[in-house]
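Per this note's numbering, the sequence shown starts with residue 1, numbered consecutively. What follows is one structure encoded as structure tokens, with my remarks underneath.
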Amino acid sequence: MRRLVALIKKEFIQFFRYRPLVILVVWTIAIEIALCAYAITYDVTHLSLAVLDLDGSFESRELISRFAQTEYFDVTHRMRTREEMDGLLEAGRADLGIAIPPDFSRRLGQGLQAPVQLLLDGSNSNTALIALGYAQMIVQGYSRQIETARIRKAIGDPGHLPGIRNQRRAWYNPDLKSVHFVVISMLVLGVMMIATIHPAAAVAWEKEAGTVEQLLVMPFRPWELMVAKV
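So this is what it looks like as structure tokens:
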């Protein structure tokens, strides 16, 4: 153990004595973390939304406003025909399209189901699946609001309607931002890369400096030397 501790001290002294290597190691890890943390992100926000509202009613505008009020979607295009929206999605200028039929408000007023079509750009399957989940959540929330209003209108205001309310709370990362765990993963990856490359470079440097012969005649085992360099 004493031999290993002595070798580790020797490696630390040698490492910090060679300033260019210290700068290179610190600079490489810092640049890797800074670039990858903000370039590699799994957060899906501000997706381009194309809207085809063939109904033009208060109900359809209310549904569209639900999408626009979130951080997930930005209403960037308002289409007049289905062909325009299809062409927009094919050109990659929109991530998601929502088509509201002309009888949307009439069917809601009659107590019938009003279908709404969602069109997604599936070239990035991960983004498409996440966007679909967000869109379904918004539509389901609007549907529950309409059903609740219809029940209150039919039987009056009974106070709190019975039901199960699901509340989610994420610990340690409440905003669910991917940058927090990407930084940690990049830091661990950088340390692993340096722990692999630096010992090999250090052994080569020992040979170039002419000190490898001194290490060979010293009472150290090979694994002790490698552990110290790692």
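Using N, Cα and C, we set each Cβ at its ideal position, and we do this for glycine too.
Under the three-state DSSP convention, the category residue i falls into
i, result
"Thr-127", "helix"
"Ala-92", "In the sequence on display, residue 92 carries Gly and not Ala. Of the three classes helix, strand and coil, the one that applies to Gly-92 here is coil, per DSSP."
"Leu-52", "strand"
"Leu-120", "strand"
"Ala-6", "helix"
"Thr-41", "coil"
"Thr-196", "helix"
"Asp-86", "helix"
"Thr-211", "coil"
"Ala-170", "coil"
"Arg-17", "helix"
Cutoff 8 Å; reference residue i; Cβ partners in own chain excluding five residues on either side
i, result
"Asp-74", "His-46, Leu-47, Ser-48, Leu-49 and Ala-68"
"Phe-16", "Val-22"
"Thr-28", "Gly-190 and Ile-194"
"Ala-94", "Ser-48, Leu-49, Ala-50, Thr-76, His-77, Met-85, Leu-88 and Asp-121"
Same chain, Cβ closer than 6 Å to residue i, five either side skipped, listed in chain order
i, result
"Arg-66", "Ile-138 and Tyr-142"
"Ala-99", "Leu-52 and Gln-117"
"Leu-8", "With the sequence shown as reference, residue 8 is identified as Ile, and Leu is not the correct amino acid for it. Same-chain partners within the cutoff: Ala-228."
"Ala-209", "none"
Nearest-angstrom Cα separation, counted from residue j out to residue i
i, j, result
"Arg-3", "Val-26", "28 Å"
"Gln-214", "Phe-181", "44 Å"
"Leu-63", "Ser-125", "25 Å"
"Ala-200", "Gly-97", "54 Å"
"Thr-81", "Gly-87", "10 Å"
"Val-188", "Ile-31", "14 Å"
"Ser-105", "Leu-35", "48 Å"
"Met-79", "Leu-89", "12 Å"
"Asp-103", "Tyr-72", "27 Å"
"Ser-60", "Leu-108", "10 Å"
"Ser-57", "Ala-114", "13 Å"
"Gly-111", "Asp-55", "17 Å"
"Pro-219", "Phe-12", "20 Å"
"Arg-165", "Arg-150", "19 Å"
"Pro-174", "Arg-168", "10 Å"
"Lys-177", "Tyr-134", "16 Å"
"Gln-140", "Arg-19", "60 Å"
"Gln-145", "Val-44", "26 Å"
"Ile-184", "Ala-37", "9 Å"
"Ile-33", "Tyr-172", "20 Å"
"Ala-202", "Met-186", "23 Å"
Residues that DSSP places opposite residue i in a beta bridge
i, result
"Arg-150", "Partner(s): none; Arg-150 has no beta bridge."
"Phe-73", "Leu-47"
"Ala-99", "Leu-52 and Gln-117"
"Met-79", "Leu-52"
Residues near residue i in its chain [Cβ-Cβ closer than 7 Å; skip 5 each side]
i, result
"Ala-128", "Leu-120, Asp-121 and Gly-122"
"Ile-40", "Val-182"
"Glu-84", "none"
"Leu-225", "Leu-7 and Leu-215"
"Ala-170", "Leu-176"
Distance cut-off 8 Å: residue i Cβ against heavy atoms of the ligand ADP
i, result
"Met-186", "Although the ligand ADP was asked about, the structure shown includes no ligands whatsoever."
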